[in-house]
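Notes follow once the structure below has been shown.
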Amino acid sequence: MVQSRGFIGRRAAPKTALPPGQYVTEDFPVLSAGPTPHVPFDQWEFAIDDGKDVLRRWSWRAFRELPSEHISVDIHCVTRWSKLDTAWEGVSLDTLLDGISDDAAFALVRSFGGYTTNLPLEDLLDGQAWVAFNFDGEDLAPEHGGPARLIVPHLYFWKSAKWVHGITLLDRDEPGFWESNGYHMYGDPWQEQRYSGD
Amino acid sequence: MAGTAVLGRLTWKVCTVVGLRDETATARTIALQVPEWPGHVAGQRVDLRVTAADGYSAVREYSIASAPRADGRVELSVERLPQGEVSPYLTQDLAIGDVLELRGPIGGWFVWRESQAEAIQLIAGGSGIVPLMAMIRSRVAAASDAPFRLLYSVRSPDTVWYRDELRALSGAIGVTFVYTRTSPPDWPRPPRRIDATLLAEAGWSSTLSPTCYVCGPTSFVEHLAKLLIASGHHSERIRTERFGPTGAQR
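These protein sequence lines are chains A and B, in that order. The first sequence begins at 1 in the numbering used here and counts up one residue at a time. The second sequence begins at 1 in the numbering used here and counts up one residue at a time.
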């Protein structure tokens with residue numbers, strides 16, 4: 001590392017340990033690749049498929065009848081902001097995937113508007129991921145991914161797909177949208193896996 | 001983790017400040033000489049790392065403003081945020097000959113490639129002009145004939161970046177300035193936001209199926225993306241890059 005003459009910087013001590021290279025923000029930046037899809041509840045659907053057949057499907061009403069959980073998690077965006085103690089309500093992926101017998105090892109998450117992101121299936125299980133419909137006590141706003149978005153707080157936040165529409169279970173890892181555009185296939189913030197090759 | 005179109009690992013490169021130019025009272029263009037720069041595509045970004053004497057360092061992401069050049073000179077334009085940690089240093093303290101670390105280029109989506117011959121609609125809000133300026137400059141550098149139009153929304157005449165260069169280019173590309181708070185004295189229109197009428201007057205018609213690049217603050221991008229869709233543009237043809245509010249730290 002080389003010194004930058006005259007740079008002092010701030011050393012605000014965060015109350016929580018942060019992944020390397022992150023800083024805390026109090027507001028909630030919006031980052032998306034295209035226009036915000038506006039999905040009416042009566043056209044909303046969430047489906048899990050294996051690439052050939054739909055294994056399970058929920059309408060908004062059926063989805064909202066599933067048991068939900070309140071979670072409070074830190075989120076870490078690859079553009080370096082982290083937001084601490086964010087409060088969400090959502091349905092655990094353990095609930096959504098319960099009883100699906102498939103030996104797939106990977107998941108491609110699909111969104112309204114065409115966005116996709118990939119992750120190992122095991123990262124969606126065991127209380128690590130939710131489809132959230134409420135942020136901070138309010139219905140999730142469209143620009144933040146409403147009606148519902150994925151929340152996978154232990155990976156960089158681009159994995160937490162907005163406007164989530166379904167999951168395709170796959171035997172092999174397939175790059176999603178950002179993963180095809182220079183970003184890391186896995187995206188662990190604690191390993192600073194920002195870009196492909198990191 | 002194999003399988004994607006892989007770039008090499010992005011490594012930090014020590015680069016030297018070789019030029020500084022004020023764009024406005026609060027924005028500055030920084031020219032850097034980057035060793036072994038692999039080249040970039042217009043619209044891409046870099047990570048910039050600044051390090052204090054005690055080893056403390058901070059990294060921020062900035063859009064590249066310049067067209068790719070073979071000599072490894074890369075220009076960034078930075079807006080000073082009053083509460084920022086890095087931008088005040090970059091816009092006020094940095095001097096020619098100083099060194100910084102940079103890695104990139106980053107991002108493969110919000111880009112314009114010379115091979116794109118279709119009509120291009122650029123829409124910038126404030127400092128969102130930077131990656132779009134790189135596209136305009138790349139079009140010039142590549143002697144491309146792609147039909148470009150730029151709608152550039154600013155608060156007031158003194159917040160226009162790249163003013164002389166954009167004025168000199170109008171003719172080759174359609175440039176429309178939109179003032180939201182204060183217009184120049186001789187301006188034919190009162191201050192206004194971009195609305196459907198202005199978009200129809202100054203932008204490409206959706207019947208041309210232009211690729212639209214919209215960059216600016218979140219509320220601006222949301223507003224413009226809605227206007228574009230309402231005027232018949234397809235969402236797949238609209239690429240957006242949003243920034244802020246990102247707290248007081250950039």
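Positions of the beta carbon are idealized from the N, C-alpha and C atoms, including for glycine. Predicted model only: the values in this text are computed from it and were never measured.
- Interface flag for ALA141 of chain A against chain B is unset, since no Cβ pair is found closer than 8 Å.
- The C-beta of ARG64 of chain A comes no closer than 8 Å to any C-beta of chain B.
- Look at THR91 of chain B here: in three-state DSSP terms it is helix.
- Measuring C-alpha to C-alpha distances from ARG57 of chain A to each of A:LEU124, A:LEU97, A:GLU143 and A:PRO175 identifies A:LEU97 as the nearest.
- With its beta carbon at least 8 Å from every one in chain B, PHE157 of chain A lies outside the interface.
- With distances taken between CA atoms, SER66 of chain B lies nearest to B:ILE129 out of B:SER183, B:ILE129 and B:THR182.
- Contact check for GLU79 of chain B against ALA58 of chain B fails: the beta carbons are separated by 8 Å or more.
- In this structure, the beta-carbon distance from LEU170 of chain A to ALA161 of chain A does not fall below 8 Å.
- DSSP lists A:TYR183 as the bridge partner or partners of TYR195 of chain A.
- The beta carbon of THR176 of chain B lies closer than 6 Å to those of LEU151 and ALA202 in the same chain, with the five residues before and after it left out.
- The C-beta of THR29 of chain B comes no closer than 8 Å to any C-beta of chain A.
- Going by beta carbons, GLY90 of chain A and SER68 of chain A fall inside the 8 Å limit.
- Beta-carbon to beta-carbon, GLN44 of chain B and ILE30 of chain B are separated by about 16 Å, too far to satisfy the 8 Å threshold.
- For GLN43 of chain A, the secondary structure class from DSSP, reduced to helix, strand or coil, is helix.
- Runs of the alpha helix (DSSP H) lying entirely within the region 74-150 of chain A and spanning at least 4 residues, in chain order: 93-97.
- Closest in C-alpha terms to MET135 of chain B, from the list B:PRO184, B:LYS13 and B:CYS212, comes B:CYS212.
- In the three-state scheme derived from DSSP, where H, G and I count as helix and E and B as strand, LEU55 of chain A is classed as strand.
- HIS234 of chain B counts as exposed, since fewer than 16 other C-beta atoms from the protein chains shown sit within 10 angstroms of its C-beta.
- In the displayed model, VAL59 of chain B falls within a strand according to three-state DSSP.
- Just measuring C-alpha positions, the residue of A:GLU179, A:ASP53, A:VAL30 and A:LEU55 sitting nearest LEU119 of chain A is A:GLU179.
- For THR182 of chain B and ILE194 of chain B, the gap between their C-alpha atoms comes out near 14 Å.
- From the beta-carbon of ASP198 of chain A, the residues of chain B found nearer than 8 Å are ARG9 and LEU10.
- If you compare the alpha carbons of B:ALA52, B:PRO131 and B:TRP187 with that of SER4 of chain A, the shortest gap goes to B:ALA52.
- By the Cβ-count criterion, SER82 of chain A is buried, with 16 or more other Cβ atoms from all chains shown falling within 10 Å of its own Cβ.
- As DSSP reads the structure, LEU76 of chain B sits in a beta bridge with B:ILE30 and B:ILE64.
- GLN22 of chain A counts as buried, since no fewer than 16 other beta carbons sit within 10 angstroms of its beta carbon.
- In the three-state reduction of the DSSP assignment, LEU132 of chain B falls in the helix class, which pools H, G and I.
- ALA42 of chain B is positioned such that its CB atom lies closer than 8 Å to that of TRP112 of chain B.
- About 10 Å separates the beta carbons of LEU227 of chain B and ILE238 of chain B, which is beyond the 8 Å limit, so they are not a contact pair.
- Taken in chain order, the complete alpha helix (DSSP H) segments of 4 residues or longer contained in the region 213-250 of chain B are 218-230.
- Distance from the CA atom of TYR183 of chain A to the CA atom of THR117 of chain A, rounded to whole angstroms, is 11 Å.
- For ASP195 of chain B, not one C-beta of chain A is nearer than 8 Å to its own C-beta.
- Counting the other CB atoms within 10 Å of its CB gives ARG139 of chain B a total of 16 or more, which places it among the buried residues.
- Contact of VAL14 of chain B with chain A by beta-carbon distance below 8 Å involves VAL2.
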